[in-house]
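Undergrad: Numbering (the numbering used here), first residue to last: 15 to 241.
Where is the CB? At the ideal position from N, CA and C, for every residue including glycine.
Keep in mind that this is a model prediction, so the values were computed, not measured.
So that we are looking at the same thing, I have put the structure below in structure tokens.
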């Protein structure tokens, strides 16, 4: 599920992502070492292409929307959202921010020209900084990986959500017993506070969808709406 060639230089891999509507190319650096937050996973590509397709059908979907991404990694999803006029805050752990900010700056000409705004912000799951108000759109791509992060992740989702917040989760369904267990834990925790529906493949990008990559649209359950 590749987009454009990957250019390698000294432990850094640059992946090119072409925006289909404009033909402009995002260049996103990735790191050779690490197991999370260092490369663009397939779930990020599926979510980014879904946002792109939906924005092409409905230009108002992302334009001027307040968008927050959890576990942004190298920044593919959030930067694509900004390229359609979104006001995006991408969050991750402190060690990830330098690469994330590098990719934001490297693609500024594209997202700024499109009317978007992007910034990176430190966020540890289980917390919600006062500066982060509930967004219109909350995005998560491949954030469900470690069992110990499940409860803090859902807690942060809850803290950051209002009844108007639309949440889109994109997650690769991995085959290992451990990963199946982690996903089961996540879904059990998610259903305590949120209601959700799968996004059908007919609404996804025809070339960037897969049976083992799940897209969910979620909202805060009415009993858990913030007062």
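1. Would you list the one or two residues that DSSP bridges to residue 106?
2. Could you check the C-alpha separation between residue 87 and residue 236 for me, to the nearest Å?
3. By DSSP, does residue 158 sit in helix, in strand, or in coil?
4. Measuring alpha carbon to alpha carbon, tell me which residue in 89, 108 and 180 is nearest residue 231.
5. For residue 154 and residue 104, what's the separation of their Cα atoms in angstroms?
6. How about residue 124 and residue 97: are their beta carbons less than 8 Å apart?
7. Just tell me which of 115, 182 and 66 has its CA closest to the CA of residue 106.
8. Helix, strand or coil: which one does DSSP assign to residue 221?
9. So what does residue 232 bridge to, in DSSP terms?
10. For residue 121, which of helix, strand or coil comes out of DSSP?
11. Quick one: Cα of residue 95 to Cα of residue 27, how far?
12. Residue 45 and residue 113: beta carbons closer than 8 Å?
13. Taking the Cβ atom as the reference point for each residue, do residue 41 and residue 134 lie within a distance shorter than 8 Å?
14. Quick one: residues in its chain with C-beta nearer than 8 Å to the C-beta of residue 160, no 5 flanking neighbours on either side, listed in chain order?
15. What number of angstroms, rounded off, separates the C-alpha of residue 177 from the C-alpha of residue 194?
16. How should residue 221 be labelled, buried or exposed, when 16 other C-beta atoms within 10 angstroms of its C-beta is the threshold for buried?
17. Starting from residue 146, trace the alpha helix (DSSP H) in both directions and tell me its first and last residue.
18. Please state the DSSP three-state secondary structure of residue 38.
19. Given the structure, does residue 205 come close to the ligand PLP, in the sense that its CB is under 7 Å from one of the ligand's heavy atoms?
20. In this structure, what does DSSP give as the bridge partners for residue 249?
21. Using 8 Å as the Cβ pair cut-off and three pairs as the minimum, do the region 201-211 and the region 158-175 touch?
TA: Here's the rundown:
1. In the chain shown, the residue the question calls residue 106 occupies position 92. In DSSP, residue 106 forms a bridge with 136.
2. Here residue 87 is taken as the residue at index 73 of the chain shown, counted from 1. Here residue 236 is taken as the residue at index 222 of the chain shown, counted from 1. Each residue's alpha carbon lies about 31 Å from the other.
3. For the purposes of this step, residue 158 is taken as the residue at position 144 of the chain shown. Annotated three-state conformation of residue 158 is coil, per DSSP.
4. To locate residue 231, count along the chain shown from 1; it is residue 217. Of the listed residues, the one whose Cα sits closest to residue 231 is 180.
5. As a working mapping, residue 154 is identified with position 140 in the chain shown. As a working mapping, residue 104 is identified with position 90 in the chain shown. If I take the Cα positions, the gap works out to 10 Å.
6. Against the chain shown, residue 124 aligns to sequence position 110. Against the chain shown, residue 97 aligns to sequence position 83. Yes, the Cβ-Cβ distance between residue 124 and residue 97 is below 8 Å.
7. As a working mapping, residue 106 is identified with position 92 in the chain shown. The residue with the shortest Cα to Cα distance from residue 106 is 115.
8. As a working note, residue 221 is residue 207 in the chain shown. Coil at residue 221, not helix or strand.
9. Counting from 1 along the chain shown, the entry for residue 232 is found at position 218. DSSP output for residue 232 lists 181 and 210 as bridge partner(s).
10. Here residue 121 refers to the residue found at position 107 when the chain shown is read from its first residue. Residue 121: coil per DSSP, three-state reduction.
11. Residue mapping note: residue 95 aligns to position 81 of the chain shown, counting from 1. Residue mapping note: residue 27 aligns to position 13 of the chain shown, counting from 1. Near 22 Å, if we compare the C-alpha coordinates of residue 27 and residue 95.
12. Locating residue 45 in the chain shown gives position 31, where the first residue counts as 1. Locating residue 113 in the chain shown gives position 99, where the first residue counts as 1. Yes.
13. Translated into the one-based positions of the chain shown, residue 41 becomes position 27. Translated into the one-based positions of the chain shown, residue 134 becomes position 120. Going by C-beta atoms, residue 41 is not nearer than 8 Å to residue 134.
14. Locating residue 160 in the chain shown gives position 146, where the first residue counts as 1. Contacts found: 196.
15. Residue numbering aside, residue 177 sits at position 163 when the chain shown is read from its first letter. Residue numbering aside, residue 194 sits at position 180 when the chain shown is read from its first letter. Their Cα atoms are separated by approximately 30 Å.
16. In the chain shown, the residue the question calls residue 221 occupies position 207. By the neighbour-count rule (16 or more Cβ atoms within 10 Å), residue 221 is not buried but exposed.
17. Within the chain shown, numbered from 1, the residue matching residue 146 stands at position 132. Counting along the chain, residue 146 falls outside any alpha helix (DSSP H), and DSSP gives it neither H nor E.
18. On the chain shown, residue 38 is found 24 positions in, with the first residue counted as 1. Residue 38: coil per DSSP, three-state reduction.
19. Summarising the ligand content, the structure contains no ligands, and the ligand PLP is consequently not present.
20. Outside the displayed span of the chain (15 to 241) sits residue 249, for which this structure offers no information.
21. With the cut-off at 8 Å, the region 201-211 and the region 158-175 touch.
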